[in-house]
Amino acid sequence: MTDIASPTVRISARPASAKRDIGIKRRYAAERRFRAYGIAAISIGLFFLALLLWTVISNGYTAFQQTTITLPIEFTEKVIDPKGERTTDGKVLMTANYPLLVREALVKQLGIDASKRPLVKQATDMVSASSRTLLRDLVVADPSIIGKTVPVTLLAEANIDSAYKGQIDLKVEESKRKVKDQQVTWMNQLAEAGVLKKSFNTGIFTFGASSRPEAAGVGVAALGSFYMMLIVLVLSLPIGVAASIYLEEFAPKNRLTDLIEVNINNLAAVPSIVYGLLGLAVFINFAGMPRSAAVVGGFVLTLMTLPTIIIATRAALKAVPPSIRSAALGLGASKMQTIFHHVLPLAMPGILTGTIIGLAHALGETAPLLLIGMVAFVVDYPGSPMEPSTALPVQIYMWANEAERAFVERTSGAIIILLIFLVIMNLGAILLRRRFERRW
Amino acid sequence: MSTSLLLLLIVVIGFIAYFAGRARSLAQSGGKLSNLHSLPGYHGSYVAIWAMLPAALVLGTWLIAAPIYIDGSTRAALPDTVQSQGGAAVQLALGQVKSVAGGLLRLSGEELSALENGSANLRSTLASKGVALAGEGEPYMVTVAQHFNAMTVANRWLMTAAVLLVAIAGGIYAIRNVATRFRARNQVERVILGSLIVASSIAILTTVGIVASMLSEAGRFFTMVSPFEFFFGTVWDPRFAAAGSGGASGQFGLLPLLAGTLYIAFVAMLFAVPIGLFAAIYMAEYANPRLRSTAKPLLEVLAGIPTIVYGFFALVTVGPFLRDISAQLNGLATGNYQNFIQAQSVVTAGIVMGIMLIPFVSSLSDDIITQVPRALRDGSLGLGATRSETVKKVILPAALPGIVGALLLTASRAVGETMIVVLAAGVAARMQINPFEPMTTVTVKIVNQLTGDLEFTSPQTLVAFALGITLFVITLGLNIYALYIVRKYREQYE
Numbered sequence: 306m307t308d309i310a311s312p313t314v315r316i317s318a319r320p321a322s323a324k325r326d327i328g329i330k331r332r333y334a335a336e337r338r339f340r341a342y343g344i345a346a347i348s349i350g351l352f353f354l355a356l357l358l359w360t361v362i363s364n365g366y367t368a369f370q371q372t373t374i375t376l377p378i379e380f381t382e383k384v385i386d387p388k389g390e391r392t393t394d395g396k397v398l399m400t401a402n403y404p405l406l407v408r409e410a411l412v413k414q415l416g417i418d419a420s421k422r423p424l425v426k427q428a429t430d431m432v433s434a435s436s437r438t439l440l441r442d443l444v445v446a447d448p449s450i451i452g453k454t455v456p457v458t459l460l461a462e463a464n465i466d467s468a469y470k471g472q473i474d475l476k477v478e479e480s481k482r483k484v485k486d487q488q489v490t491w492m493n494q495l496a497e498a499g500v501l502k503k504s505f506n507t508g509i510f511t512f513g514a515s516s517r518p519e520a521a522g523v524g525v526a527a528l529g530s531f532y533m534m535l536i537v538l539v540l541s542l543p544i545g546v547a548a549s550i551y552l553e554e555f556a557p558k559n560r561l562t563d564l565i566e567v568n569i570n571n572l573a574a575v576p577s578i579v580y581g582l583l584g585l586a587v588f589i590n591f592a593g594m595p596r597s598a599a600v601v602g603g604f605v606l607t608l609m610t611l612p613t614i615i616i617a618t619r620a621a622l623k624a625v626p627p628s629i630r631s632a633a634l635g636l637g638a639s640k641m642q643t644i645f646h647h648v649l650p651l652a653m654p655g656i657l658t659g660t661i662i663g664l665a666h667a668l669g670e671t672a673p674l675l676l677i678g679m680v681a682f683v684v685d686y687p688g689s690p691m692e693p694s695t696a697l698p699v700q701i702y703m704w705a706n707e708a709e710r711a712f713v714e715r716t717s718g719a720i721i722i723l724l725i726f727l728v729i730m731n732l733g734a735i736l737l738r739r740r741f742e743r744r745w
Numbered sequence: 012m013s014t015s016l017l018l019l020l021i022v023v024i025g026f027i028a029y030f031a032g033r034a035r036s037l038a039q040s041g042g043k044l045s046n047l048h049s050l051p052g053y054h055g056s057y058v059a060i061w062a063m064l065p066a067a068l069v070l071g072t073w074l075i076a077a078p079i080y081i082d083g084s085t086r087a088a089l090p091d092t093v094q095s096q097g098g099a100a101v102q103l104a105l106g107q108v109k110s111v112a113g114g115l116l117r118l119s120g121e122e123l124s125a126l127e128n129g130s131a132n133l134r135s136t137l138a139s140k141g142v143a144l145a146g147e148g149e150p151y152m153v154t155v156a157q158h159f160n161a162m163t164v165a166n167r168w169l170m171t172a173a174v175l176l177v178a179i180a181g182g183i184y185a186i187r188n189v190a191t192r193f194r195a196r197n198q199v200e201r202v203i204l205g206s207l208i209v210a211s212s213i214a215i216l217t218t219v220g221i222v223a224s225m226l227s228e229a230g231r232f233f234t235m236v237s238p239f240e241f242f243f244g245t246v247w248d249p250r251f252a253a254a255g256s257g258g259a260s261g262q263f264g265l266l267p268l269l270a271g272t273l274y275i276a277f278v279a280m281l282f283a284v285p286i287g288l289f290a291a292i293y294m295a296e297y298a299n300p301r302l303r304s305t306a307k308p309l310l311e312v313l314a315g316i317p318t319i320v321y322g323f324f325a326l327v328t329v330g331p332f333l334r335d336i337s338a339q340l341n342g343l344a345t346g347n348y349q350n351f352i353q354a355q356s357v358v359t360a361g362i363v364m365g366i367m368l369i370p371f372v373s374s375l376s377d378d379i380i381t382q383v384p385r386a387l388r389d390g391s392l393g394l395g396a397t398r399s400e401t402v403k404k405v406i407l408p409a410a411l412p413g414i415v416g417a418l419l420l421t422a423s424r425a426v427g428e429t430m431i432v433v434l435a436a437g438v439a440a441r442m443q444i445n446p447f448e449p450m451t452t453v454t455v456k457i458v459n460q461l462t463g464d465l466e467f468t469s470p471q472t473l474v475a476f477a478l479g480i481t482l483f484v485i486t487l488g489l490n491i492y493a494l495y496i497v498r499k500y501r502e503q504y505e
């Protein structure tokens, strides 16, 4: 700033130049303003980037911790199998009253009078309703457990989880919040006894969709996304590279190739939702593929990614100097040999960078998947790409629509997982470029 | 034999053919490779291509043609009473026959004969095997289903035989061609070139697919709702596709959606263009390399963040913030703490979309500004203009066409953006000018109409394709014009 200000001072100090006022002061002020606008613009952009990341991380980092309650559960035969039919009737173990086991253990632990129904209800509400399936799976896997007392780690209910993490304002009037005073007392009591504690939340990585936040995770959605990425990679890389080789190296310069060229540039800018409509009309309606299947999602995302890959590949091919081609041709290689043995390997880093960026884009894409029915409540891992599945960003969309506080945390957690995947992919692309990029 | 097994067999035959062709050419060369026109690998590939490609083509055609033929034949085998009831009834009967056929395969011999002589109930027998029938089965279905099963089995055997025969015949034909002077490489390269052409035509096919699928579905929509009503209607009220309501019960006016789309895109551009443009100018003209190499990639991170994340950001941060701040402002001004900005509103969606667009504007404009020749800049500075004057009076006018093109590209992105508006703009289709109220967009309505259970005959569903083609045409127009401008501009300075 000083080097700009000093000439201004000098000019005004000389009375002779005051006659020819070329407005230097005003002009330099305008210059400074202009610079300030530029700095402000960049700062605003970076500020919003920081705010966005901060929102996601501050809301979401707690999702990687989960409050659990470890209770000694007594697997009494009287509750699970009162009539002793479990060897003859397989349904007994599946339909037994497991919540009762939890209730009894909790009542014992907290020392509540079991005859006070509302009190007992409040206590059992502290434990996730997913405990039922947890205990059932334990018993079905090993029926000999019946009759023993085993410590089992149960998930705390979402509101207790939030309260224990300090996200619920306990100063609010009791009737206006979801955690009752009695529950808070119990919570602290259990925490002091070391029964209730926070631990790393593996569930968010492994669980599927659930209407209960504490039992919801992105595992199933991530597998669906993985299937789709695999399909996109397997289809779009060879097709994209083949198409660009033809367009860049073989195609005669005529109307048709011009048309293809304009076409590809346009396809790159077509709104993604239009690809969803295409997938719905062609793959599902016309070809009769299953709805909600990862394979359809993969096809749609492939079509969407192709233009990106083609544009990147053509740029990479163009960057290989013609001298390489001439040398190979001069030594007697055929045109095909020149391209596949010399040009393509040299262009490979650029192609892979473009592919990774295209894949990262496809991984975060949501809109077309909504239209082909991947907004599905999928609880179990899809065994193959033909089975109903959902995707990471779609899971985020579905959670974002849930009203509960605990789901905001889960949504942010899922976004963090998605962003980590994207960061890894983009870092890979950058490293690839740094490591292999050649300046000719 | 299943299709995947057959495919595997073809690949195995291809492998054998490759090595056979290679071995034969080596044998013919008499130990001296220079006797051969093409390298042994090319001879091998030539034989493998002949073994695999025709067989794969036969397999593909067969897989498409056979079900059509079998369906036709089964349909013809249905009794006349069903045939006379018209298309829908035949289709229904065909579906039932197929599920019966699937069920018959699971039955034991006695159960089958009991079914044939009519002593057992079709539905309950099949239900005990886990096959649920939609209706009470008719006796004729068993015979037709058996006919269907017999044809399916015969078809499978015929297909296997034909495909394997073609594979082996192709291989043998090709291997007889292998000779020292045979131009195997040229043949192989011709096939590769063909596959390259096929790959590049996929881009064309995608466009054709987009246009054809949307036009046909939108055409069906326009038989139910007149195009005039759609394009010039001012009320969007599609109602639900009630069973038995038959025709168009709702109103499908495009204008409120289009107004919302353009309004939100306008607000987004109003936010993104100044910031993006100034950032680009600063980075191209003022910033030192160090700042440039950190700030530019950081800004571009904004472009890499999935739009669903922006939607979430609007939903939990920007929307509530605007709502609360408006309540505070209103309270300070009038004493009435009532928010005048809704959490879901045009400004919320516009600002968040604007943030997303900043890197598009800035990096596209940056490219264009740096393309302005050095000489223009030096001339202006040499005449005593300050840097900002050079930018305003020389560089920007020179770069203007390119920047306009960049802005049009950005605008087309704003118009087609979906996830942000789905979460931040609201679903109420209204025509109004208050930016603090929710409005909805074309993309939101496409998503709304197509999520959930679908029935592809109702206008409520088909309208999504009419909306889609409208969106496609708008963005296509913007893109083509923008690309044209950018291209022309590039030629100007090259």
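Quick note, the sequences are listed as chains A and B, same order.
Positions in the first sequence are counted from 1; adding 305 to them yields our numbering.
Positions in the second sequence are counted from 1; adding 11 to them yields our numbering.
Virtual Cβ for every residue (Gly too), placed ideally from N, Cα, C.
| Item | Value |
| --- | --- |
| Selection from Leu411(B), Ile316(B), Leu103(B), Phe159(B) that minimises the alpha carbon distance to Asp377(B) | Leu411(B) |
| Residues bridged to Thr373(A) (per DSSP) | Leu460(A), Lys502(A) |
| Chain B contact for Thr613(A) (CB, 8 Å cutoff) | no |
| Entirely enclosed alpha helix (DSSP H) segments - the stretch 595-683 of chain A, minimum 4 residues | 599-624, 627-635, 640-643, 649-668, 672-676 |
| Residues within the stretch 265-299 of chain B neighbouring chain A, beta-carbon criterion of under 9 Å | Pro285, Ile286, Gly287, Leu288, Phe289, Ala290, Ala291, Ile292, Tyr293, Met294, Glu296, Tyr297, Ala298 |
| Rounded separation between Trp247(B) and Val402(B) - CA only | 47 Å |
| Limits of the alpha helix (DSSP H) - the one that Arg715(A) falls within | 710-741 |
| Candidates Ala586(A), Gly635(A), Met534(A): closest to Thr217(B) by CA position | Ala586(A) |
| Contact between the stretch 565-574 of chain A and the stretch 487-500 of chain A (3+ Cβ pairs under 8 Å) | no |
| Extent of the continuous alpha helix (DSSP H) to which Leu44(B) belongs | From DSSP, Leu44(B) is part of no alpha helix (DSSP H); its letter is neither H nor E. |
| Cα-Cα separation, Tyr80(B) to Met162(B) | 10 Å |
| 3 or more residues per run - each beta strand (DSSP E) lying fully within the stretch 496-572 of chain A | 501-505 |
| Asn445(B) at chain A interface by Cβ criterion, 8 Å | no |
| Where Ser311(A) falls: helix, strand or coil (DSSP) | Any reading at Ser311(A) needs caution, since the residue's pLDDT is 48, under 50, leaving its predicted position unreliable; the model's value is listed next. Helix at Ser311(A). |
| For Ser135(B), the first and last residue of its enclosing alpha helix (DSSP H) | 133-139 |
| Rounded separation between Asp2(B) and Ser224(B) - CA only | No answer is possible for residue 2(B): the residues shown for chain B start at 12 and end at 505. |
| Tyr342(A) at chain B interface by Cβ criterion, 8 Å | yes |
| Same chain only: Cβ atoms within 7 Å of Ala435(B), ignoring 5 sequence neighbours per side | Gly322, Ala325, Leu326, Gly330, Gln355, Thr359, Ala360, Val363 |
| Three-state class that DSSP yields for Asp685(A) in the structure shown | coil |
| Expected contact under 8 Å - CB spacing of Ile464(A) and Val484(A) to nearest Å | A small fix is needed here, since residue 464(A) is Asn in this sequence, not Ile. 5 Å between Cβ atoms; contact. |
| Beta carbon proximity, Arg334(B) to chain A, threshold 8 Å | no |
| Nearest-angstrom Cα separation, counted from Gly479(B) out to Val680(A) | 19 Å |
| Rounded straight-line distance, which links the Cα of Ala290(B) to that of Leu281(B) | 15 Å |
| Asp535(B) - DSSP class collapsed to helix/strand/coil | Because residue 535(B) is not part of the residues shown, which for chain B are 12 to 505, the question remains open. |
| Integer-rounded CB distance, given that Met63(B) should sit under 8 Å from Ile21(B) | 6 Å |
| Residues of its chain near His54(B), where Cβ-Cβ distance is below 8 Å and the 5 sequence neighbours each way are ignored | Gly32, Arg33, Arg35, Ser36, Leu47, Val189, Phe193, Ala195 |
| Span separating the alpha-carbon of Leu293(A) from that of Ala425(B) | The structure shown does not extend to residue 293(A), since chain A is modelled only from 306 to 745, so the question has no answer here. |
| DSSP three-state assignment for Pro470(B), whether helix, strand or coil | helix |
| Chain A contacts from the stretch 411-439 of chain B (Cβ-Cβ distance under 9 Å) | Leu420, Ser423, Arg424, Val426, Gly427, Glu428, Thr429, Met430, Val433, Leu434 |
| Bridge-paired residues (DSSP) for Gln262(B) | Asp248(B) |
| Nearest-angstrom beta carbon gap, Gly545(A) and Ile305(A) [assumed within contact, 8 Å] | Only positions 306 to 745 of chain A appear in this structure, which leaves residue 305(A) out of reach. |
| Short-range partners of chain B found in the stretch 635-653 of chain A, where Cβ spacing is below 7 Å | Ser639, Met641 |
| Any chain A beta carbon closer than 8 Å to Ser211(B) | yes |
| Given Leu169(B) as reference, the closest of Trp61(B), Ser13(B), Ala270(B) once Cα atoms are compared | Ser13(B) |
| Residue-chain proximity (Met317(B), chain A), Cβ-Cβ < 8 Å | Looking at the sequence shown, residue 317(B) is not Met but Pro. Yes, contact with chain A. |
| Stretch pair the stretch 338-354 of chain A + the stretch 366-380 of chain B: three plus CB contacts closer than 8 Å | yes |
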